[in-house]
Amino acid sequence: ILPLIRKHKVVHLNRTDARLANNGLPIEIQKLRCRVNFNALKFTSQIEQLGRKIVKILRERGPFLVLHLRYEMDMLAFSGCTHGCDDSEVEELTRMRYAYPWWKEKVINSELKRNDGLCPLTPEETALILKALDIDQRIQIYIAAGEIFGGERRMARLRATYPNLVRKETLLEPSDLMYFQNHSSQMAALDYLVSLESDIFVPTYDGNMAKVVEGHRRLHDTSLL
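Per the UniProt record's numbering, the very first residue in the sequence shown carries number 1; after that it's consecutive.
See the structure below:
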C-alpha cells in the first residue's frame, strides 16, 4: 500500500465495509483496517473544532449520555417500520419509499419486521429501556439524530421521563452550525465525535453509525450499551 500512496498521494480502499470482504482476513490486515478507520482518517478541522466545543459545553454541565435515536423519516420509510405511526404518517412514509427507485424493498410488513427485531426502538420504547437500565433521570441526554419523525408527539414520553434532553442545535448558536446546516453527513460527523466522548453511548438501532462508534470506543475501551 505504501508505494501506491507515495505514487498517487490518495488511495481509494474499495468496499472496505462489505461484510463478506471482512471474512477470513489475516489479523494483521484487520489491525491495519482499525488503524486506518480510527486513527489515520480525520475529519476536517472545522468539524473537529466544533465537535470539541459541543463536548466542552456538555462536560461543563456534568456527565452525559449520547442517545443515537434512529427515528428519522428516511429510516422509517426505508425499513418500513411504522409502529406507533398514524395512517397519514404511514402513507407519507410509503410515498417516500416509492420515491427512491434504488430502495429495492417496497411492500413491507411492518409487524413482521418488528417481530424479527429489525426495527429501531421507538422514542417511547427507548424511555422504557433507559429506565430499565437504571439510567439516572437527571443525566444529560444528547440526542444524536436528525429530525425525529412525529416530532414532539413521539418525544413526549421520553422527555417526561428524561427531561434533560439536549441537541447540538440547542447547545450551539445558529451561527456555529450555519456552514453545516444543509450537509447531513457533516451534521452526523459532529454527532459521531460527541458519541465518542460520552460517558455512555446508547444506540436504538444496530446500523452503520452504531457499529462504527462501537468499534471506535472498543479500540479506546470506553463505555457503551
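C-beta atoms are modelled at their ideal positions from N, C-alpha and C, and glycine is treated no differently. Note that the structure is a prediction, hence the values are computed from the model and not measured.
Exercise. Which whole-angstrom value describes the C-beta separation of valine 194 and alanine 144, a residue pair presumed to lie in contact below a C-beta threshold of 8 Å?
Worked result: Right, their Cβ atoms sit about 7 Å apart.
Exercise. Is the distance from the Cβ of phenylalanine 149 to the Cβ of leucine 67 below 8 Å?
Worked result: Between phenylalanine 149 and leucine 67, the C-beta gap is not smaller than 8 Å, which leaves the two residues out of contact.
For this session: To the nearest angstrom, report how far apart glutamine 137 and glutamate 124 are at their CA atoms.
Result: When rounded, the distance between both Cα atoms is 15 Å.
Problem set entry | Boundaries of the beta strand (DSSP E) in which histidine 68 is found, first to last residue | First-last of the beta strand (DSSP E) with histidine 68: 64-68.
For this session: Report the residue from Asn182, Leu177, Gly151, Ile139 whose alpha carbon sits nearest the alpha carbon of leucine 165.
Result: Looking only at Asn182, Leu177, Gly151, Ile139, the smallest Cα-Cα distance to leucine 165 is reached by Ile139.
Exercise. How would you call lysine 42, buried or exposed, if buried means at least 16 neighbouring beta carbons within 10 angstroms?
Worked result: Its Cβ having fewer than 16 others within 10 Å, lysine 42 is exposed.
Problem set entry | Inter-residue spacing [alpha-carbon to alpha-carbon] between isoleucine 29 and leucine 190 | Going by C-alpha positions, isoleucine 29 is about 29 Å away from leucine 190.
Exercise. Can you tell me where the alpha helix (DSSP H) with tyrosine 192 in it begins and where it stops?
Worked result: The continuous alpha helix (DSSP H) containing tyrosine 192 extends over residues 184-197.
Exercise. For histidine 183 versus threonine 122, is the C-beta spacing smaller than 8 Å?
Worked result: Cβ distance not < 8 Å, so histidine 183 and threonine 122 don't count as in contact.
Exercise. Along the chain, where does the beta strand (DSSP E) that runs through valine 202 open and close?
Worked result: Here the beta strand (DSSP E) through valine 202 covers 200-203.
For this session: Output yes or no for whether 8 Å exceeds the beta carbon distance between lysine 106 and tyrosine 98.
Result: Here lysine 106 is near tyrosine 98, since their CB atoms are less than 8 Å apart.
Exercise. Among Arg157, Phe78, Gly151, Val10, which has the Cα closest to the Cα of leucine 130?
Worked result: Considering only alpha carbons, the answer is Arg157.
Exercise. Measuring CB to CB, does aspartate 221 end up less than 8 Å from leucine 65?
Worked result: Aspartate 221 is not a Cβ neighbour of leucine 65, given a cutoff of 8 Å.
Exercise. Got a sec, what are the start and stop residues for the beta strand (DSSP E) isoleucine 141 sits in?
Worked result: Residues 140-143.
Exercise. What residues are listed by DSSP as bridge partners for isoleucine 148?
Worked result: Paired residue(s): Glu72.
Problem set entry | For asparagine 166, the residue or residues it bridges with in DSSP | According to the sequence shown, residue 166 is valine rather than asparagine. Tyr142.
Exercise. Would DSSP call histidine 83 helix, strand or coil?
Worked result: Correct three-state label for histidine 83: coil.
For this session: Look up threonine 44 in the DSSP assignment and say whether it is helix, strand or coil.
Result: Correct three-state label for threonine 44: coil.
For this session: Along the alpha helix (DSSP H) that carries threonine 126, what are the first and last residues, could you check?
Result: Where threonine 126 is concerned, the enclosing alpha helix (DSSP H) starts and stops at 123-132.
Exercise. How about arginine 114 and threonine 204: are their beta carbons less than 8 Å apart?
Worked result: For arginine 114 and threonine 204, no; Cβs fall outside 8 Å.
For this session: Report all residues from its chain with a CB closer than 6 Å to the CB of methionine 187; omit the five preceding and five following residues, and keep chain order.
Result: Answer for methionine 187: Phe180, listed in chain order.
Problem set entry | Whole-Å CB distance - alanine 127 paired with threonine 161, under 8 Å assumed | Their Cβ separation, rounded to whole angstroms, is 4 Å, which keeps alanine 127 and threonine 161 in contact under 8 Å.
For this session: Buried or exposed for serine 79, please, with buried defined as at least 16 other CB atoms from any protein chain shown within 10 angstroms of its CB.
Result: Buried: at least 16 other Cβ atoms inside 10 Å.
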